[in-house]
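According to my numbering, the sequence shown is numbered sequentially starting from 940.
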Amino acid sequence: EAAEALSLELVAAVGARPLWLDAAEHDQLVAAVSHLPAVLSAALMRAAADERQWTVSASGFRDAARLAGSNPRMMLDILLTNREAVLAALGAVRADLADFEAALAAGDEAALADWLAAAQVAHAAHRRFKSAPLPDSRPLL
């Protein structure tokens, strides 16, 4: 109990939101929002490794490719340590991209618009969540 109270004080002091998770749930969550973005950024950078592409790149590419600059040894350790959760997150993204690819190949404007709009709605919800005032000091469970 003393360690928990101290932890909550530390979290409050840095203005964070306390969140108690077991290790497996933590691994699943961070695979999707931390580890997978690093992998996708690296894949983007590998796909756009031709300097001729860089001449027409702008802030969108810069922002999306930023994580490709992460330390490879650190990322390797993270990815191998959380391999199962990263594979699950990668499978979900691969399935979503397959849907996008099929709609694009078919020229299905409605499906593409729906796909992009769903991402925009999720992005707006994420921004609202991250900008909301911190709740009282009760930990999120």
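Ideal Cβ placement from N, Cα and C applies to all residues, glycine included.
All values reported here derive from a predicted model rather than from experimental measurement.
Asked, Found
"Collapsed DSSP secondary structure at glycine 954 in the structure displayed", "coil"
"Selected residue, minimal CA-CA separation from serine 1009, among Pro957, Ala981 and Gly1046", "Ala981"
"Cβ contact check for the region 1019-1029 and the region 948-968: 3 or more pairs under 8 Å", "yes"
"Through-space distance from leucine 945 to alanine 1056, alpha-carbon basis", "43 Å"
"Host alpha helix (DSSP H) of aspartate 1040 (start-end)", "Residue 1040 is actually glutamate in this sequence, not aspartate. It spans 1022-1045 - the alpha helix (DSSP H) in which glutamate 1040 sits, taken as one unbroken run."
"Simplified DSSP state of valine 1060, which is helix, strand or coil", "helix"
"Own chain residues within Cβ distance below 6 Å of alanine 1004, not counting five before or after", "Ser980, Leu983 and Met984"
"Residues of its chain near leucine 1043, where Cβ-Cβ distance is below 7 Å and the 5 sequence neighbours each way are ignored", "Leu1051"
"Cβ-based burial, leucine 958 [other Cβ within 10 Å; buried from 16]", "exposed"
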